[in-house]
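A short write-up of the structure that comes next.
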Amino acid sequence: MAAVTDKYLIAQCFYANSVQLLIKAANVLGKRDDADSYGKLLERVRDAFMKEYVTPNGRLVSGTQTAYVLALNFDMLPVDLREQAARRLAENVKSYGHLTTGFLGTPYLCHVLSRFGYTDLAYELLLRKKYPSWLYPVTMGATTIWERWDGQKPDGSFQTPGMNSFNHYAYGAIGDWMYRVIAGVDTREEGPGYKKIIIKPHIGGGLTSVSASLETYYGLLGCTWRINNECFEMDVVIPANTTATVCIPAEDPAEIYEGGLPLAQKKEIKVEGNEDGYVIMTVGSGKYSFRRNR
């Protein structure tokens with residue numbers, strides 16, 4: 062199941078990520094000259110990546126899942142090459158039937174799949190029970206995240222203790238995707254964390270109910286959604302002094318009720334429109350109970 066990615070390709074991707082973080086920090090601090098300088102550096106880093114690691118037809122010289130995940134997550138490829146790169150990543154995952162990423166690629170794998178329209182495939186990876194997967198350790202009795210996908214082998218034996226922690230951080234990064242994509246709880250980058258909230262759940266994987274919450278600087282933020290027959294229900298808690306963009310999977314605002322009343326009768330809820338199968342609305346702090354009847 063091993064797939065080796067060129068270490069210098071990996072380093073170049075994370076170099077670009079570091080520069081991107083500096084650009085964001087400079088913008089937040091109002092240091093325009095620094096932001097411009099780092100922006101030019103980022104262009105050079107990406108140009109060097111393209112010259113060294115991308116063929117003229119857009120293939121990466123390392124064809125691993127991790128290579129494509131990092132290149133896509135850190136925007137190393139020009140826009141016109143990203144869709145085909147994402148398609149190659151999805152085809153790679155389907156070909157193997159499982160992930161082949163390690164500590165560096167796994168945190169971004171499902172995020173990249175979802176970003177490019179492959180959320181169903183990300184769900185398949187999450188819910189897979191055979192090794193290698195997140196649920197294989199659960200089938201072996203795990204109650205924590207392991208350092209290795211197969212810290213305990215199917216025959217009951219264990220890997221060597223030098224690298225076999227049964228309480229390890231790395232693969233637990235999938236929790237970020239579960240919050241942001243499955244539960245749909247996210248924040249906009251352009252402001253302080255969770256000052257401007259996004260609630261946009263992605264239904265899939267055969268799941269019929271999901272609940273997630275976290276304590277933000279402003280208070281408790283939570284989202285619980287469930288499917289009863291063909292009805293979609295979602296309860297949302299938005300903390301004080303914040304606003305939220307709430308996205309309900311529906312085609313028409315007339316399908317949606319809040320607190321038992323049609324959206325048209327809820328003056329505190331501003332419907333912004335429709336996009337990609339979601340009705341989008343803006344709400345202030347408070348508790349909301351949404352229902353889509355079909």
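Under our numbering, the residues of the sequence shown are numbered 62 to 355, in order.
Idealized CB from N, CA, C, for every residue including glycine.
Taking C-beta atoms as the reference points, Ser123 and Leu70 count as a pair closer than 8 Å. In this structure, DSSP gives Ile330 a state outside helix and strand, which the three-state scheme calls coil. Where Val271 is concerned, the enclosing beta strand (DSSP E) starts and stops at 270 to 277. For Lys214, the number of other beta carbons within 10 angstroms of its own is below 16, and it is reported as exposed. As for any alpha helix (DSSP H) of minimum length 4 sitting wholly inside the region 95 to 165, the runs are 126 to 134, 140 to 157, ordered along the chain.
Taken through DSSP and simplified to helix, strand or coil, Asn228 comes out as coil. Comparing C-alpha distances from Gly321 to each of Asn354, Val344, Gly223, Asp337 shows the shortest one belongs to Asn354.
Membership of Val199 in any beta strand (DSSP E) is not indicated; the residue belongs instead to the alpha helix (DSSP H) covering 196 to 200. The Cβ neighbour count for Ser194, taken over all protein chains shown within 10 Å, is at least 16; the residue is labelled buried.
Exposure of Asp97 is indicated by the presence of fewer than 16 other C-beta atoms within 10 angstroms of its C-beta. When rounded, the separation of the alpha-carbon atoms in Asp211 and Tyr197 is 8 Å. Sorting Leu281, Leu170, Ile259, Leu282 by C-alpha distance to the C-alpha of Tyr232 places Leu170 at the top.
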